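Numbering (this note's numbering), first residue to last: 761 to 932. Worksheet: one structure, shown below.
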Ligand SMILES: [Fe+2]
Ligand SMILES: [Fe+2]
């Protein structure tokens, strides 16, 4: 059975994951109308992933005797001054989400809720991955600068982009 304080904290995280999904959906739309199909595809995938993160929390709360809340969401930014700005926003947002997950983990320890603490480890690992991907993209964008040819190639290759973060490497 979930304690009320944990249930509330998890519901706050549901809202953050839902807002993340909307933020990346808006980025996908902006990239698509700008003609960058690869970037748009990447952002649509990101948006879907955030929805999955949200659903995982929804199921967990309901299974543990709580009630997952579907709440109103903040409207996302729908335009950007450049791709660089958009990817900076993506990176900043992932760092914000990591902070929020860390806070959540901290609360579960304070409340001695080890089941939820264990469940949240998946999110801790996922955030390492997400930050690594966002940082890699940002590095590439900074390298490209204003070069149109570079952006063309980046758009072509982004869907193939994989980052093996430290979290994904299992020692032999
Ligand atoms: Fe997420
Ligand atoms: Fe994310």
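Just so it is clear, CB atoms sit at the ideal spot from N, CA and C, and this is done for glycine as well. Quick caveat: nothing in here was measured; it's all calculated off a predicted structure.
Item to check | Nearest candidate by alpha-carbon position, reference residue 807, set 921, 894, 794 and 782 | outcome: 782
Checklist entry - Is residue 794 helix, strand or coil when you go by DSSP? => result coil
Checklist entry - For residue 898 versus residue 847, is the C-beta distance shorter than 8 Å? => result yes
Checklist entry - Can you tell which of 791, 794, 885 and 774 has the C-alpha that lies nearest to the C-alpha of residue 831? => result 774
Checklist entry - Where the beta carbon is closer than 6 Å to any heavy atom of ligand 2, which residues qualify, in chain order? => result 780, 810, 854, 857 and 890
Checklist entry - Terminal residues of the continuous alpha helix (DSSP H) containing residue 761? => result No alpha helix (DSSP H) holds residue 761; DSSP gives it neither H nor E.
Item to check | Validate contact between the stretch 838-854 and the stretch 788-801 using beta carbons, cut 8 Å, 3 pairs | outcome: yes
Checklist entry - Which whole-angstrom value describes the C-beta separation of residue 863 and residue 765, a residue pair presumed to lie in contact below a C-beta threshold of 8 Å? => result About 12 Å; that fails the 8 Å criterion.
Next on the checklist: Using the Cβ count rule (16 or more neighbours within 10 Å means buried), how would you classify residue 882?
Outcome noted: exposed
Next on the checklist: Among the candidates 919, 851 and 817, whose CA atom is the shortest distance from the CA of residue 762?
Outcome noted: 817
Next on the checklist: Can you tell me whether residue 782 is helix, strand or coil according to DSSP?
Outcome noted: helix
Item to check | Spatial neighbours of residue 777 in its chain, beta-carbon cut-off 6 Å, leaving aside the 5 residues before and after | outcome: 810, 813 and 814
Checklist entry - Where does the unbroken alpha helix (DSSP H) through residue 916 begin, and where does it stop? => result It spans 908-917 - the alpha helix (DSSP H) in which residue 916 sits, taken as one unbroken run.
Next on the checklist: Is residue 852 a contact residue of ligand 3, with contact defined as CB to any heavy atom under 7 Å?
Outcome noted: Looking for ligand 3 in the displayed structure turns up nothing; the ligands present are ligand 1 and ligand 2.
Next on the checklist: Pop quiz: residue 771 and residue 821 are said to be a contact at Cβ under 8 Å. What is the actual Cβ separation, rounded to whole angstroms?
Outcome noted: 7 Å
Item to check | Complete runs of the alpha helix (DSSP H) confined to the stretch 845-912 [at least 4 residues] | outcome: The qualifying runs are 874-904.
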